[in-house]
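Comments concern the structure below.
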Amino acid sequence: MPLPIPRAILFDLDGTLADTAPDLAAAMTRLQQAQGLQPTAYALLRPVASAGARGLIGVAFGLKPGDDGYEDLRVGFLDNYAAAIAEKSILFEGVPELLADLTRRGLAWGIVTNKAARFTEILIPHIGLQKAGCVISGDTTAHPKPHPDPLFEAARRLNLPPETCWYVGDDLRDIQAGRAAGMPTIAAAWGYCGHAAPTTWEADALATAPADLIKLIQQSLAQ
Numbered sequence: 001m002p003l004p005i006p007r008a009i010l011f012d013l014d015g016t017l018a019d020t021a022p023d024l025a026a027a028m029t030r031l032q033q034a035q036g037l038q039p040t041a042y043a044l045l046r047p048v049a050s051a052g053a054r055g056l057i058g059v060a061f062g063l064k065p066g067d068d069g070y071e072d073l074r075v076g077f078l079d080n081y082a083a084a085i086a087e088k089s090i091l092f093e094g095v096p097e098l099l100a101d102l103t104r105r106g107l108a109w110g111i112v113t114n115k116a117a118r119f120t121e122i123l124i125p126h127i128g129l130q131k132a133g134c135v136i137s138g139d140t141t142a143h144p145k146p147h148p149d150p151l152f153e154a155a156r157r158l159n160l161p162p163e164t165c166w167y168v169g170d171d172l173r174d175i176q177a178g179r180a181a182g183m184p185t186i187a188a189a190w191g192y193c194g195h196a197a198p199t200t201w202e203a204d205a206l207a208t209a210p211a212d213l214i215k216l217i218q219q220s221l222a223q
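By the UniProt record's numbering, the letter at position 95 of the sequence shown is numbered 95, and the numbering carries on one by one without gaps.
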């Protein structure tokens, strides 16, 4: 069944619009090397890149928020990342064409990420996303995803009812946030996706490439 006609498409950033894993993993590698440790393989870090410091520290050090030593590692990792945030980060293949298609159709688009504003404000212009209609960072509202507040704020800034916006993301919390906000949700299976199959997330639709999202929009407009 086609999704309802959208007036805007909202996107997660890391793992959905942009392939930022190389720079995130490099920041973790530098942290481990500074401690005289063998760096964790990139293949292990990439799937959890959407989870940021929490995911990468979990894989590299086996620690979670609240554990002894976690906060020092988080600060060191983020300092490393801030120092080299856009060395290898690029838009995923097909994303520029997708965004151009939205513009041609007169559909607004925006970014809702859990990445802190001090990083999004630097990264977004470096990778060509400065035309976003809104950018909601992880510290823009009182609660990050999977809470719906960031998505409500994005809709407010676009002057649209939340239910007229689709939310696209590559992590379960993206789908949870979208559902909580009353938005149709699309799982971006081209992204990192953690260690859980996006088919299990109960998203309204699944896109294996940005071009699939264009097809979903075309189908909705053809109703």
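Ideal Cβ positions, reconstructed from N, Cα and C, are used throughout, including at glycine. In this text, all values refer to a predicted model and were calculated from it rather than measured experimentally.
request  = Could you work out which residue in ALA86, GLU87, ARG54 is closest to ASP72 when comparing CA atoms only?
outcome  = Within the sequence shown, numbered from 1, the residue matching residue 72 stands at position 72. Nearest of ALA86, GLU87, ARG54 to ASP72, Cα basis: ARG54.
Proximity winner among VAL135, HIS147, GLY58, PRO2, relative to HIS195 (alpha-carbon distances) = The sequence position of residue 195 within the sequence shown is 195, counting from 1. Minimum Cα distance to HIS195 is reached at GLY58.
ask   = Can you give the beta carbon distance from VAL168 to ILE9, rounded, assuming they're within the 8 Å contact cut?
value = If you number the sequence shown from 1, residue 168 lands on position 168. If you number the sequence shown from 1, residue 9 lands on position 9. Contact flag correct, Cβ pair sits at about 6 Å.
Which residues DSSP lists as bridging ASP19, in chain order = As a first step, residue 19 must be located in the sequence shown, where it is residue number 19. For ASP19, DSSP records a beta bridge to ILE90.
query = Do the region 177-196 and the region 42-50 meet, that is, are 3 or more Cβ pairs less than 8 Å apart?
reply = Between the region 177-196 and the region 42-50, the count of C-beta pairs closer than 8 Å reaches three or more; the two stretches touch.
message = For ALA86 and LEU107, I'd like the C-alpha separation in whole angstroms.
response = Locating residue 86 in the sequence shown gives position 86, counting from the first residue. Locating residue 107 in the sequence shown gives position 107, counting from the first residue. Rounded to the nearest whole angstrom, the C-alpha separation of ALA86 and LEU107 is 28 Å.
inquiry  = In whole angstroms, give me the CA-to-CA distance for ALA211 and GLY36.
reply    = Residue numbering aside, residue 211 sits at position 211 when the sequence shown is read from its first letter. Residue numbering aside, residue 36 sits at position 36 when the sequence shown is read from its first letter. Inter-residue distance for ALA211 and GLY36 is about 43 Å (C-alpha atoms, whole angstroms).
inquiry  = If contact is defined by three or more beta carbon pairs under 8 Å, each pair taking one atom from either stretch, is the region 169-186 in contact with the region 60-76?
reply    = Touching, no.
Coil, strand or helix - GLY169 by DSSP = Counting from 1 along the sequence shown, the entry for residue 169 is found at position 169. In the structure shown, GLY169 sits in a strand (DSSP, three-state: E or B).
key: Backbone secondary structure at ILE186 - three-state DSSP   = Sequence index remark: in the sequence shown, residue 186 carries index 186 (1-based). In the structure shown, ILE186 sits in a strand (DSSP, three-state: E or B).
message = Quick check on ASP79: buried or exposed, where buried means 16 or more other Cβ atoms within 10 Å of its Cβ?
response = The count along the sequence shown starts at 1 and reaches residue 79 at position 79. With fewer than 16 other beta carbons inside 10 angstroms of its own, ASP79 counts as exposed.
task = Tell me whether ALA84 is buried or exposed, calling it buried when 16 or more other Cβ atoms sit within 10 Å of its Cβ.
result = The residue you call residue 84 lines up with position 84 of the sequence shown. ALA84 comes out exposed.
query = What is the DSSP secondary structure of ALA155, counted as helix, strand or coil?
reply = For the purposes of this step, residue 155 is taken as the residue at position 155 of the sequence shown. For ALA155, the three-state secondary structure derived from DSSP is helix.
query = Could you give the residue range of the beta strand (DSSP E) that holds LEU206?
reply = Locating residue 206 in the sequence shown gives position 206, counting from the first residue. Counting along the chain, the unbroken beta strand (DSSP E) around LEU206 starts and ends at 205-207.
key: Proximal residues to ILE122 (C-beta, below 8 Å), its chain only, five neighbours per side dropped   = Here residue 122 refers to the residue found at position 122 of the sequence shown. The answer, listed in chain order, is ALA82, ILE85, ALA86.
N- and C-terminal bounds of the alpha helix (DSSP H) containing residue 226 = For residue 226 there is no data in the structure shown, the boundaries of the chain being 1 and 223.
inquiry  = One question on the structure: do GLY52 and LYS145 come within less than 8 Å of each other, judged by their Cβ atoms?
reply    = As a first step, residue 52 must be located in the sequence shown, where it is residue number 52. As a first step, residue 145 must be located in the sequence shown, where it is residue number 145. Judged by their CB atoms, GLY52 and LYS145 are not nearer to each other than the 8 Å cut-off.
inquiry  = Using only CA atoms, which one of GLY138, THR113, HIS147, ILE127 lies nearest to ALA180?
reply    = Within the sequence shown, residue 180 is the residue found at index 180, counting from 1. The shortest Cα separation from ALA180 among GLY138, THR113, HIS147, ILE127 belongs to HIS147.
message = Whole angstroms are fine: how far does the CA of ALA189 sit from the CA of LYS131?
response = Walking along the sequence shown from the start, residue 131 turns up at place 131. Walking along the sequence shown from the start, residue 189 turns up at place 189. Distance between the alpha carbons of LYS131 and ALA189: 24 Å.
request  = Could you say which of TRP166, THR29, PHE61, GLN219 lies nearest to ASP204 if we only look at CA atoms?
outcome  = As a first step, residue 204 must be located in the sequence shown, where it is residue number 204. Out of TRP166, THR29, PHE61, GLN219, the CA that lies nearest to the CA of ASP204 is found in TRP166.
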